[in-house]
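In the working numbering, the protein residues as written are 382 to 802. Even glycine gets a Cβ: it sits at the ideal position worked out from N, Cα and C. Since this is a predicted model, take the numbers as computed values, not measurements. Data block below; observations after.
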């Protein structure tokens with residue numbers, strides 16, 4: 382986490398970038414009290430970013446729209462995810478011994494704060510991905526903790542609220558309802574909980590789809606069927622997440638997840654609360670990969686390596702850690718042999734090594750992006766003499782940047798005061 386904080390403090394540039402410029406108008410109306418719900422609910426690409434918009438507008442009003450504050454908020458959200466994951470893993474980690482607990486926590490933390498998602502760390506708008514990840518983990522965690530409750534309704538409602546936040550942060554977050562249902566299927570009161578859960582999912586999805594329009598610039602949704610090999614490579618690229626930017630790694634991770642999930646489920650079939658949340662989290666990442674691949678493979682299989690997908694994809698990689706412990710051992714500490722312990726430690730070490738090696742090259746990409754943003758920010762501050770080429774680094778339409786610049790001054794953007802860093 383400390384490395385990511387350093388990354389943001391060193392390379393975070395306080396300047397609106399691409400989609401963020403489209404927040405200028407809403408922020409103006411937010412400050413004068415004329416912003417309506419329809420504008421917050423309005424579709425952005427395939428997303429309805431209701432929760433991220435509210436968060437960004439609130440932060441902007443508090444900080445003079447210092448977008449570095451959004452980057453730091455993303456780190457706090459990731460830290461909350463780490464806290465939830467460690468709490469969720471406690472039943473598996475507690476009997477595994479102190480060395481395994483320490484190494485498991487380190488491995489999960491290394492993946493969760495991987496620099497492979499540098500674009501999300503350094504682009505405030507991408508707070509939507511951290512919100513989506515936190516909401517998905519919260520929903521699955523609350524559903525899991527309800528399994529032992531005779532009166533589970535506070536947890537069930539909490540899981541449903543978190544699922545709503547997830548769906549209205551990232552479009553593919555809709556699959557969290559399916560993952561929650563997987564967990565609730567093991568609840569003693571499932572005959573009552575599941576129908577209500579599905580009813581909430583249908584209502585939320587109907588609201589999401591009201592007035593929904595497919596973005597005309599997006600590729601055909603049939604591309605996945607027309608180019609199955611490219612689709613498979615896209616999935617591998619997506620699921621490689623923090624472990625290294627290669628499709629073979631993602632496919633291996635998915636295969637490893639499947640094997641470990643089957644073994645762990647068989648060994649702990651009488652303790653579903655120990656295993657099912659990790660299967661649900663891995664399934665969430667996998668389903669996101671499929672939905673994203675259907676919508677994006679027409680742009681090329683390499684699109685799956687986009688940095689911003691890592692925040693969701695890493696949930697599959699993270700699930701390998703507790704599932705590996707559960708698969709190698711059963712029940713009491715006496716069942717954890719020296720050979721099993723060494724095998725698991727070797728697997729965890731491999732995951733950590735792949736993550737660390739992947740991070741090495743990502744720091745340079747982040748630094749290159751920061752230099753480009755610093756140059757573009759200088760052009761914005763001297764917009765009268767700035768070239769369209771330079772302003773085009775901030776937004777594809779330089780004329781729009783010139784039109785938005787007076788509004789940026791009117792809302793009191795902090796970048797006009799001092800260094801703005």
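query: Below 8 Å on the Cβ atoms is my guess for residue 728 versus residue 625; work out the distance and round it to an integer in Å.; result: With a Cβ gap of about 15 Å, residue 728 and residue 625 do not count as contacting.
query: Do residue 563 and residue 808 have their beta-carbon atoms positioned less than 7 Å apart in this structure?; result: The structure shown does not extend to residue 808, since the chain is modelled only from 382 to 802, so the question has no answer here.
query: Can you give the Cα-Cα distance for residue 457 and residue 525, rounded to whole angstroms?; result: 23 Å
query: Return the chain-ordered list of same chain residues with a C-beta closer than 7 Å to the C-beta of residue 453, the five sequence neighbours on each side being excluded.; result: 389
query: Express the C-alpha separation of residue 573 and residue 503 in angstroms, rounding to a whole number.; result: 44 Å
query: Per DSSP, what are the beta-bridge partners of residue 649 in this structure?; result: None, per the DSSP bridge assignment.
query: Are the beta-carbon atoms of residue 592 and residue 508 separated by less than 7 Å?; result: no
query: Can you give the Cα-Cα distance for residue 440 and residue 411, rounded to whole angstroms?; result: 12 Å
query: Pull up the distance between the alpha-carbon of residue 612 and that of residue 571, whole angstroms please.; result: 36 Å
query: Based on Cα-Cα distance, which residue from 775, 552 and 589 lies nearest to residue 396?; result: 775
query: Enumerate in chain order the residues of its own chain whose CB-to-CB distance from residue 713 is below 8 Å, with the five nearest sequence positions on each side excluded.; result: Its pLDDT being 43, under 50, residue 713 is placed unreliably by the model, and nothing is read from it.
query: Alpha carbon to alpha carbon, what distance is there between residue 657 and residue 531?; result: 19 Å
query: Helix, strand or coil for residue 627, going by three-state DSSP, please let me know.; result: coil
query: So, is residue 715 buried or exposed, given that buried needs 16 or more other C-beta atoms within 10 angstroms?; result: Caution applies to residue 715, whose pLDDT of 45 falls short of 50 and renders its modelled position unreliable; the model cannot decide the point.
query: Residues in the same chain with beta-carbon distance under 7 Å from residue 424, minus the five sequence neighbours each way, listed in chain order, please.; result: 593 and 594
query: Enumerate in chain order the residues of its own chain whose CB-to-CB distance from residue 655 is below 7 Å, with the five nearest sequence positions on each side excluded.; result: 472, 473, 649 and 707
query: Alpha carbon to alpha carbon, how far is residue 575 from residue 698? Give it in angstroms, no decimals.; result: 28 Å
query: What are the partner residues of residue 750, as DSSP defines its beta bridges?; result: Beta-bridge pairing links residue 750 to no other residue.
query: Rank 743, 421 and 464 by C-alpha distance to the C-alpha of residue 433 and give the top, closest one.; result: 421
query: My understanding is that residue 437 touches residue 404, with C-beta atoms under 8 Å, so please give their C-beta distance in whole angstroms.; result: 6 Å
query: Would you list, in sequence order, the uninterrupted alpha helix (DSSP H) runs of no fewer than 4 residues that lie entirely inside the stretch 520-561?; result: 534-548
query: Within its chain, find whatever has a CB closer than 6 Å to the CB of residue 630; leave out the 5 residues flanking it on each side and keep chain order.; result: 621 and 624
query: Residue ranges of each beta strand (DSSP E) run of no fewer than 3 residues wholly in the stretch 390-448, ordered along the chain?; result: none
query: Excluding the five sequence neighbours on either side, which residues of its own chain have a C-beta within less than 6 Å of the C-beta of residue 788, listed in chain order?; result: 405 and 409
query: May I ask you to verify whether the stretch 640-647 touches the stretch 685-693, counting CB pairs closer than 8 Å and requiring at least 3?; result: no
query: For residue 703, does the count of other Cβ atoms within 10 angstroms reach 16, so buried, or fall short, so exposed?; result: buried
query: For residue 772, which residues of its own chain have a beta-carbon under 8 Å away from its beta-carbon, when the five flanking residues on both sides are left out?; result: 757, 760, 761, 764, 779, 782 and 783
query: Round the Cβ separation of residue 556 and residue 668 to the nearest angstrom and send it over; I've been treating them as touching at under 8 Å.; result: 4 Å
query: Check the C-beta distance from residue 528 over to residue 489 and give it rounded, since I have them as a contact under 8 Å.; result: Rounded, the Cβ-Cβ distance is 22 Å, inconsistent with contact.
query: Looking at C-alpha atoms only, which residue of 387, 450 and 431 is the closest neighbour of residue 795?; result: 450
query: Measuring CA to CA, which of 705, 605 and 461 is closest to residue 677?; result: 605
query: Would you call the CB atoms of residue 601 and residue 679 closer than 7 Å?; result: yes
query: Once you ignore the five residues that flank residue 400 on each side, which residues in its own chain have a CB closer than 8 Å to its CB?; result: 425 and 506
query: For residue 479, count the other beta carbons within 10 Å of its own beta carbon; 16 or more makes it buried, fewer makes it exposed. Which is it?; result: exposed
query: Span of the alpha helix (DSSP H) holding residue 692?; result: 691-709
query: Taking the alpha carbon of residue 567 as the reference point, which residue from 653, 700, 670 and 742 has its own alpha carbon closest?; result: 653
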